[in-house]
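Asker: Under numbering that gives the first Met the number 0, the first residue of the sequence shown carries the number 0, and numbering increases by one thereafter. Okay, handing you the structure first.
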Amino acid sequence: MPAMAVLDLRRKLAILSDAAKYDASCASSGAQKRNSLGGTGVGSTEGMGICHAYAPDGRCISLLKILLTNFCIYDCAYCINRVSSNTPRARFSVQEVVDLTLNFYKRNYIEGLFLSSGVIRTGDYTMEEMVRVAKSLRLDHDFRGYIHLKLIPEASPELATEAGLYADRVSINIELPRDDSLKALAPEKDVTDIKRAMGRMRLSIEDKAEPARKASRKTFARSQSTQLIVGADQAKDGDILARSANLYGSYKLSRVYYSAFSPIPDASHRLPLARPPLLREHRLYQADWLMRFYGFERPEIVDEGEDLDLSVDPKTAWALKNRAKFPVNIQTADRETLLRVPGLGAKAVGRVLMARKVARLTLDDLKRVGAVVKRARAFVVTADWTPGALTDQDSLKAALVQPQQLSLF
Numbered sequence: 000m001p002a003m004a005v006l007d008l009r010r011k012l013a014i015l016s017d018a019a020k021y022d023a024s025c026a027s028s029g030a031q032k033r034n035s036l037g038g039t040g041v042g043s044t045e046g047m048g049i050c051h052a053y054a055p056d057g058r059c060i061s062l063l064k065i066l067l068t069n070f071c072i073y074d075c076a077y078c079i080n081r082v083s084s085n086t087p088r089a090r091f092s093v094q095e096v097v098d099l100t101l102n103f104y105k106r107n108y109i110e111g112l113f114l115s116s117g118v119i120r121t122g123d124y125t126m127e128e129m130v131r132v133a134k135s136l137r138l139d140h141d142f143r144g145y146i147h148l149k150l151i152p153e154a155s156p157e158l159a160t161e162a163g164l165y166a167d168r169v170s171i172n173i174e175l176p177r178d179d180s181l182k183a184l185a186p187e188k189d190v191t192d193i194k195r196a197m198g199r200m201r202l203s204i205e206d207k208a209e210p211a212r213k214a215s216r217k218t219f220a221r222s223q224s225t226q227l228i229v230g231a232d233q234a235k236d237g238d239i240l241a242r243s244a245n246l247y248g249s250y251k252l253s254r255v256y257y258s259a260f261s262p263i264p265d266a267s268h269r270l271p272l273a274r275p276p277l278l279r280e281h282r283l284y285q286a287d288w289l290m291r292f293y294g295f296e297r298p299e300i301v302d303e304g305e306d307l308d309l310s311v312d313p314k315t316a317w318a319l320k321n322r323a324k325f326p327v328n329i330q331t332a333d334r335e336t337l338l339r340v341p342g343l344g345a346k347a348v349g350r351v352l353m354a355r356k357v358a359r360l361t362l363d364d365l366k367r368v369g370a371v372v373k374r375a376r377a378f379v380v381t382a383d384w385t386p387g388a389l390t391d392q393d394s395l396k397a398a399l400v401q402p403q404q405l406s407l408f
């Protein structure tokens, strides 16, 4: 390949991978386990040879995460790739994305592809180009690695269905937690179109799931996800989590990802000048986890119109507000009660339930099963410990506040 072409491709990759970093909805946990044993296929989602890279913000990624293009006909105020933005532009051809994916995988840089795009010409045209990438990888190259495609809501249902045939996971970003914010900051987007596309994809996933199980093979995307931008509008954490709870219930999403707004050059005056603290994003993920795996309802965690307490994790904040429910006896409390104890994760609770069948558990035993005893001790009774008045002490919250790393600047 001529030197100029190599430099040109590298420049495209630099621009379009950097442009993709703002999209957080790219985890590969939904991938079906595949391998190339017994065939000629390329790629695998398990086994040796998967190398991970770290994004500038610290996220660990093992996907080739790029945009097909950062040209876009829309002018969303919060987006660096909006049509009015003075940013370097680039566009991959379908074949270039296919070749990059295969070459990166064969060098063990990645385990798959996350492909999104700005909207060029029309939603259908752009979606068709993205589907061609996935189709070529699967059919022309027998690629068995992970593929995640970002769907364009206004694209035709037929193209969305075809995308699901070749992708492990798809996502449709609803982007902002409030409908009025989306209308104000992205007037060309319609939240009704976004929700309609999510609903159609949910039905497609459910319709295809049973035939896939019977055939013992993957025939359609297994899940869909979305992303909410945190801090671009005036939405409080309670509003954001209320939106997430609705999305989980209505569209059976596998994940809602939270991405802290990052100020962009030449930004609209309607956007904040500074990004929200990253700890806010972290607390939202913790609260989301409580709703999905710990039996918490959103109103128990935070009210709409209010923010999460940044000084302690959401479960500890709930326990401090509900001290009358504590302490709980580790030896006799049921699973649902134990899951609400600060410092006890789901794995630790499972180990507690097994271990207490054969022994009376102590604080040291809790530590051995993976509990964070410093947070749990004020809320539990064990064979060798009772917190006494500690649970009700006014100073308890201060003792549970986790030290924060100081900024270098």
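Where is the CB? At the ideal position from N, CA and C, for every residue including glycine.
Would you call Gly111 buried or exposed, if buried means 16 or more other Cβ atoms sit within 10 Å of its Cβ?
Answerer: For this step, residue 111 is matched to residue 112 along the sequence shown. By the 10 Å Cβ count, Gly111 comes out buried.
Asker: In whole angstroms, what is the alpha-carbon distance linking Leu337 and Leu246?
Answerer: The residue labelled residue 337 in the question sits at position 338 within the sequence shown. The residue labelled residue 246 in the question sits at position 247 within the sequence shown. Between Leu337 and Leu246, the C-alpha separation is close to 27 Å.
Asker: Nearest CA to the CA of Ala303: which residue from Asp236, Asp364 and Ser243?
Answerer: Translated into positions along the sequence shown, residue 303 becomes position 304. Per the sequence shown, residue 303 should be read as Glu rather than Ala. Taking only the C-alpha atoms, the option nearest Glu303 is Asp236.
Asker: Quickly, what does DSSP pair Thr68 with across the bridge? List them, please.
Answerer: The residue labelled residue 68 in the question sits at position 69 within the sequence shown. Paired residues: Arg90.
Asker: Quick one: grab the DSSP three-state call for Phe142.
Answerer: Residue numbering aside, residue 142 sits at position 143 when the sequence shown is read from its first letter. Of the three classes helix, strand and coil, the one that applies to Phe142 here is strand, per DSSP.
Asker: Enumerate in chain order the residues of its own chain whose CB-to-CB distance from Ala234 is below 7 Å, with the five nearest sequence positions on each side excluded.
Answerer: By 1-based counting over the sequence shown, the position of residue 234 is 235. So the list reads Pro176, Arg177 and Ser180, once near-sequence residues are dropped.
Asker: Gln330 by DSSP, collapsed to three states: which one?
Answerer: Counting from one through the sequence shown, the residue named residue 330 turns up at place 331. Looking at Gln330 - three-state DSSP - the assignment turns out to be coil, as it is neither helix nor strand.
Asker: I need the DSSP call for Lys149, collapsed to helix, strand or coil.
Answerer: Here residue 149 is taken as the residue at index 150 of the sequence shown, counted from 1. Strand, per DSSP.
Asker: By the 10 Å Cβ neighbour count, where 16 or more other Cβ atoms means buried, how is Thr218 classified, buried or exposed?
Answerer: The residue given as residue 218 occupies position 219 in the sequence shown. With fewer than 16 other Cβ atoms within 10 Å, it is exposed.
Asker: Answer yes or no: does any C-beta atom of chain D fall closer than 9 Å to that of Gln392?
Answerer: You won't find chain D in this structure, because it holds only one protein chain.
Asker: Distance check for Pro87 and Arg9, CA to CA, integer angstroms please.
Answerer: For the purposes of this step, residue 9 is taken as residue 10 along the sequence shown, with counting starting at 1. For the purposes of this step, residue 87 is taken as residue 88 along the sequence shown, with counting starting at 1. Cα to Cα, Arg9 sits roughly 14 Å from Pro87.
Asker: Work out the CA separation of Arg81 and Arg367 for me, nearest whole Å.
Answerer: The residue you call residue 367 lines up with position 368 of the sequence shown. The residue you call residue 81 lines up with position 82 of the sequence shown. Those two C-alpha atoms are separated by around 52 Å.
Asker: Work out the CA separation of Asn107 and Gly294 for me, nearest whole Å.
Answerer: Sequence index remark: in the sequence shown, residue 294 carries index 295 (1-based). Sequence index remark: in the sequence shown, residue 107 carries index 108 (1-based). Approximately 39 Å between the Cα atoms of the pair.
Asker: Run the CB neighbour count on Val400, radius 10 Å, all protein chains shown included, and call it buried at 16 or more, exposed below.
Answerer: Stepping through the sequence shown from its first residue, residue 400 is reached at position 401. Its Cβ having fewer than 16 others within 10 Å, Val400 is exposed.
Asker: When DSSP builds the beta bridges, which residues end up paired with Gly111?
Answerer: Sequence index remark: in the sequence shown, residue 111 carries index 112 (1-based). Per DSSP, Leu62 and Tyr145.
Asker: Taking all protein chains shown into account, decide if Glu411 is buried (16 or more other Cβ within 10 angstroms of its Cβ) or exposed.
Answerer: The structure shown does not extend to residue 411, since the chain spans only 0 to 408, so no value can be given for it.
Asker: Here's a check: name, in chain order, each residue in its chain whose Cβ is nearer than 8 Å to the Cβ of Asp238, leaving out the five neighbours to either side.
Answerer: Here residue 238 refers to the residue found at position 239 when the sequence shown is read from its first residue. Pro176, Arg177, Glu303 and Gly304.
Asker: According to DSSP, is Val348 helix, strand or coil?
Answerer: What you label residue 348 is simply residue 349 of the sequence shown in a count that begins at 1. Helix at Val348.
Asker: Where does Leu270 sit, in a helix, a strand or coil, going by DSSP?
Answerer: Sequence index remark: in the sequence shown, residue 270 carries index 271 (1-based). Coil.
Asker: Residues in the same chain with beta-carbon distance under 6 Å from Pro386, minus the five sequence neighbours each way, listed in chain order, please.
Answerer: Within the sequence shown, the letter at position 387 stands for residue 386. Closer than 6 Å at the Cβ level, and outside the excluded window around Pro386, lie Pro326 and Ala377.
Asker: Starting from Ser16, trace the alpha helix (DSSP H) in both directions and tell me its first and last residue.
Answerer: Your numbering for residue 16 matches position 17 in the sequence shown. Here the alpha helix (DSSP H) through Ser16 covers Ala2 to Ala18.
Asker: Which residue's Cα is closest to the Cα of Ser222: Cys78, Arg131, Val132 and Arg168?
Answerer: Here the question's residue 222 lines up with position 223 in the sequence shown. For Ser222, the nearest C-alpha among the options comes from Arg168.
Asker: So what does DSSP say about Leu307, is it helix, strand or coil?
Answerer: Here residue 307 corresponds to residue number 308 of the sequence shown, with the count starting at 1. Correct three-state label for Leu307: coil.
Asker: If contacts are defined as beta-carbon pairs under 8 Å, then Ser135 and Leu66 qualify, I think. What distance do you get, rounded to the angstrom?
Answerer: As a first step, residue 135 must be located in the sequence shown, where it is residue number 136. As a first step, residue 66 must be located in the sequence shown, where it is residue number 67. Contact doesn't hold; Cβ gap of about 18 Å is too wide.
Asker: Got a sec, what are the start and stop residues for the alpha helix (DSSP H) Tyr256 sits in?
Answerer: Here residue 256 refers to the residue found at position 257 when the sequence shown is read from its first residue. Where Tyr256 is concerned, there is no enclosing alpha helix (DSSP H), although the beta strand (DSSP E) it sits in stretches over Arg254 to Ala259.
Asker: How would you call Arg143, buried or exposed, if buried means at least 16 neighbouring beta carbons within 10 angstroms?
Answerer: The count along the sequence shown starts at 1 and reaches residue 143 at position 144. So Arg143 counts as buried.
Asker: In whole angstroms, what is the alpha-carbon distance linking Asn69 and Ala89?
Answerer: Along the sequence shown, one-based indexing puts residue 69 at 70. Along the sequence shown, one-based indexing puts residue 89 at 90. Roughly 6 Å between the two C-alpha positions.
Asker: Cutting at 8 Å between CB atoms, please list the residues of its own chain near Glu299, excluding the five before and the five after it.
Answerer: Locating residue 299 in the sequence shown gives position 300, counting from the first residue. Cβ within range, chain order: Trp317.
Asker: Return the residue from the list Lys320, Pro341 and Leu319 that minimises the CA-CA distance to Ile329.
Answerer: Within the sequence shown, the letter at position 330 stands for residue 329. Checked all of Lys320, Pro341 and Leu319; the closest Cα to Ile329 is Pro341.
Asker: Ends of the beta strand (DSSP E) at Ile228?
Answerer: Your numbering for residue 228 matches position 229 in the sequence shown. Run containing Ile228: Ser222 to Val229, per the beta strand (DSSP E) assignment.
Asker: Could you tell me which uninterrupted alpha helix (DSSP H) segments, each at least 4 residues in length, are contained entirely in the stretch 151 to 208, listed from first to last along the chain?
Answerer: Listed in chain order, the complete alpha helix (DSSP H) runs (minimum 4 residues) inside the stretch 151 to 208 are 156 to 165 and 178 to 184.
Asker: Take Asp312 and list the residues in its own chain whose beta-carbon comes closer than 6 Å to its own, dropping the five residues that flank it on each side.
Answerer: Mapped onto the sequence shown, residue 312 falls at position 313. Once the five neighbours on either side are set aside, the close Cβ partners of Asp312 are Gln285.
Asker: Judging by CA-CA distance, which residue of Val379, Tyr165, Ser261 and Ala241 is the nearest neighbour of Asp333?
Answerer: Position 334 of the sequence shown, counting from 1, holds the residue named residue 333. Considering only alpha carbons, the answer is Val379.
Asker: Output needed for Ala19: all residues of its chain with C-beta closer than 7 Å, excluding positions within five of it in sequence on either side, in chain order.
Answerer: Stepping through the sequence shown from its first residue, residue 19 is reached at position 20. Taken in chain order, the residues that qualify are Lys64, Ile65, Leu66 and Ser115.
Asker: Looking only at DSSP bridge pairs, what is Val380 linked to?
Answerer: In the sequence shown, counting from the first residue as 1, residue 380 sits at position 381. Its beta-bridge partners are Asn328.
Asker: Buried or exposed, going by whether 16 or more other CB atoms sit within 10 Å of the CB of Arg269?
Answerer: Reading the sequence shown from its first residue, position 270 is the one you call residue 269. Arg269 is exposed by the Cβ-count criterion.
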